[in-house]
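Below is one structure, written out as structure tokens; comments come after it.
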Amino acid sequence: MHDLAAELFPICRSITGHGVRETLDIIRRDLPGLVTYEVASGEQAFDWTVPDEWNAREAYVTCPEGRRILDFADTNLHLLGYSVPVDKSVSLEELQQHLYSEPEQPDVIPYVTSYYEPRWGFCIAHEERERLEEGTYRVKIDTTLEPGHLSYGELIVRGQTTDEVLISTYVCHPSMANNELSGPVVAAYLAQWVLSAPRRLTYRFVFVPETIGSIVYISRNLEHLREHVIAGYNLSCVGDDRKYSYVPTRAGDTVADRVAVHVLRHIDAAFERYSYLERASDERQYNSPGVDLPVAVLARSKFRTYPEYHTSKDDLRLVTPEGLFGGYNAARLCLLCLERNEAIRTTVLCEPQMGKRGLYSTLSRKGDHTARRTMMDVLAYADGRELLEIANVLDVPLWELLDIVDTLKSERLLASV
């Protein structure tokens, strides 16, 4: 996963353009079933309109001595996202009006965009900005902003039922590792796991530009999504090795919420549980009134909460192999719990005789009680309630009960309701 993130890191992505297509093409290399869709500029999606397509070829600023001080070739974060083309000489005073920096973080290059208002500009470390001297500066921005397309990718993995789990992530940020690349990378490998495993549910993996992409996707698929999606997760900022985080659905009590809390509580008791009032990504669209899809957020350090967020320090040192695996594992366990959660009921009255089935010793001795306790506890609560609820009552991870449930089903002591 970290190698894939490193390969994708240099690509200049935005909400439209060649960078998104290139990113989806690379992801499709490991997910050949990924289908890419192109949505024309000007297409209406609810209250939004797909903007013109933006592509950047070259951008730089030279100082009065002729030296390049800001160069898109060094890092694509230097260029204001969706900057219009410019080729002219300016004074320092005029240049300053088009520079963006973070005084509170003087050594970082911030990530700034202007998607829906024509502007040109550059992003610069504040300490470098303060060293700029009076004189004439040459500004060259070679970009195109013209009718084209918005691109997104979709992979549907069919299961035994038409009940669906939606996994959404975004592919619209330039060189930032946690806020951007961790989500698509984890989603890609999660899809490979789903493809390799037996499955009851159907899984829908969506790779979209944030906000406008999810709005377009919902506008094109709303009726189907409302009818079939039973749970979903927006994967964002899942690659650092700090704490785990979770943003609930707007309802707050869906199966997606209950599963996320169950998983995170067992893998990281100190995980951070946020309010839906602290939403900031595509969960806003999936949970909006009238759409009402049960989509929560799984994250490590949540967007907007860590100091490297939307800066040049959100790099491949912040995102680690261990952090990515942790994010992947949390998401995988959520899918496993959704897949195996079901209402179960015991098939016999009173306790079954376990010894005659070889499920525990027919010789009762001190110390044997603990070994069979969990199995008997599952039977004791199997009154038609969900396995997830039973796991919470027993304070045991659901995945640790699966062998027990399978054994009891094979002995016809448990049945799905």
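Residue numbers for the sequence shown follow this note's numbering, beginning at 170 and rising by one. Note that CB positions come from ideal geometry on N, CA and C, so glycine has one too. These numbers come from a predicted model, not from an experiment.
Alpha carbons only, please: which of the options is nearest the one belonging to residue i?
i: Gln-361; options: Ile-384, Val-424, Ile-336; result: Ile-336
i: Thr-135; options: Leu-301, Val-488, Leu-583, Phe-440; result: Because the chain in this structure spans residues 170 to 586, residue 135 falls outside the shown range and cannot be described.
i: Arg-411; options: Ser-365, Glu-491, Val-562; result: Glu-491
i: Glu-303; options: Glu-234, Glu-511, Val-326, Gln-454; result: Glu-234
i: Gly-496; options: Tyr-386, Cys-406, Glu-580, Glu-452; result: Cys-406
i: Tyr-269; options: Arg-288, Arg-453, His-318, Lys-257; result: Arg-288
i: Tyr-206; options: Met-345, Ala-400, Ser-320, Ile-184; result: Ser-320
i: Arg-226; options: Ile-238, Val-208, Asn-245; result: Asn-245
i: Arg-236; options: Tyr-306, Glu-286, Val-460, Thr-192; result: Tyr-306
i: Glu-447; options: Asp-461, Ala-439, Ala-465, Asp-437; result: Ala-465
i: Arg-327; options: Pro-272, Ala-294, Val-398; result: Val-398
i: Gln-329; options: Thr-380, Asp-311, Tyr-372, Val-308; result: Tyr-372
i: Asp-461; options: Ile-559, Tyr-285, Ala-400; result: Ala-400
i: Ala-439; options: Pro-417, Arg-469, Glu-333; result: Arg-469
Taking the straight line between their C-alpha atoms, what separation do you get for residue i and residue j?
i: Asp-194; j: Phe-376; result: 12 Å
i: His-267; j: Ser-252; result: 10 Å
i: Met-544; j: Leu-507; result: 21 Å
i: Val-363; j: Arg-389; result: 25 Å
i: Ala-356; j: Val-259; result: 45 Å
i: Leu-532; j: Gly-524; result: Residue confidence for Leu-532 is low, a pLDDT of 42 falling below 50, so the modelled location carries little weight and cannot support an answer.
i: Gly-352; j: Glu-297; result: 32 Å
i: Ser-283; j: Ser-183; result: 11 Å
i: Thr-391; j: Asp-575; result: It is Leu, not Thr, that sits at residue 391 in the sequence shown. Distance between the alpha carbons of Leu-391 and Asp-575 is about 36 Å.
i: Thr-313; j: Pro-220; result: 13 Å
i: Glu-396; j: Val-230; result: 52 Å
i: Asp-422; j: Gln-454; result: 18 Å
i: Tyr-475; j: Thr-338; result: 19 Å
i: Leu-173; j: Val-204; result: 19 Å
i: Tyr-626; j: Val-189; result: Nothing in the structure corresponds to residue 626, since the chain is present only between 170 and 586.
i: Asn-561; j: Val-428; result: 10 Å
i: Tyr-443; j: Ile-381; result: 24 Å
i: Val-334; j: Glu-569; result: 22 Å
Please report the Cβ distance between residue i and residue j, rounded to the nearest whole angstrom; I am assuming they are in contact, meaning their Cβ atoms lie under 8 Å.
i: Asn-347; j: Gly-408; result: 5 Å
i: Ser-457; j: Pro-316; result: Ser-457 to Pro-316, Cβ: 28 Å. No contact.
i: Val-586; j: Gly-553; result: 5 Å
i: Thr-185; j: Trp-223; result: 6 Å
i: Glu-452; j: Asn-403; result: 5 Å
i: Ile-325; j: Ala-214; result: Going by Cβ atoms, the distance from Ile-325 to Ala-214 rounds to 21 Å, so no, they are not a contact pair.
i: Ile-513; j: Leu-556; result: 6 Å
i: Pro-343; j: Cys-503; result: Incorrect: roughly 29 Å between the Cβ atoms, too far for contact.
i: Pro-279; j: His-479; result: 6 Å
i: Val-340; j: Pro-378; result: 7 Å
Starting from residue i and walking both ways along the alpha helix (DSSP H), at which residues does that stretch end?
i: Val-355; result: 351–365
i: Ser-414; result: It is not in any alpha helix (DSSP H) - Ser-414 instead sits in the beta strand (DSSP E) that spans 414–416.
i: Asp-172; result: 171–177
i: Thr-576; result: 571–579
i: Gly-496; result: 490–509
i: Ile-436; result: 424–436
i: Ile-559; result: 556–563
i: Leu-264; result: 261–265
What residue range does the beta strand (DSSP E) around residue i cover?
i: Gly-322; result: 318–326
i: Glu-333; result: 333–339
i: Thr-609; result: In this structure the chain extends from 170 to 586, so residue 609 is not present and cannot be described.
i: Thr-371; result: 371–377
i: Tyr-164; result: There is simply no residue 164 to check, as the chain begins at 170 and stops at 586 in what is shown.
i: Gly-401; result: 398–404
i: Glu-207; result: 204–209
i: Tyr-455; result: Here Tyr-455 belongs to no beta strand (DSSP E); instead the alpha helix (DSSP H) covers 452–455.
i: Ile-278; result: Element bounds for Ile-278: n/a, residue is neither H nor E.
i: Ile-180; result: No beta strand (DSSP E) contains Ile-180, which DSSP labels as neither H nor E.
i: Leu-467; result: 464–468
Is residue i buried or exposed, if buried means 16 or more other CB atoms sit within 10 Å of its CB?
i: Glu-349; result: buried
i: Gly-527; result: exposed
i: His-171; result: buried
i: Asp-564; result: exposed
i: Asp-426; result: buried
i: Asp-483; result: buried
i: Pro-201; result: exposed
i: His-393; result: exposed
i: Arg-534; result: With a pLDDT of 46 at Arg-534, under the threshold of 50, the modelled position of that residue is not reliable, and no figure is offered here.
i: Thr-331; result: exposed
i: Lys-471; result: buried
i: Arg-419; result: buried
i: Leu-370; result: buried
i: Ser-579; result: exposed
i: Leu-577; result: buried
i: Gly-290; result: buried
i: Glu-273; result: exposed
i: Gly-536; result: With a pLDDT of 47 at Gly-536, under the threshold of 50, the modelled position of that residue is not reliable, and the figure given next carries that caveat. Answer is exposed; the Cβ neighbour count stays below 16.
i: Gly-459; result: exposed
i: Ser-450; result: buried
i: Arg-501; result: buried
Please find out if some non-hydrogen atom of the ligand GTP comes closer than 6 Å to the beta-carbon of residue i.
i: Asn-348; result: Inclusion of the ligand GTP in the displayed structure is not the case, the ligand content being empty and no account of it being possible.
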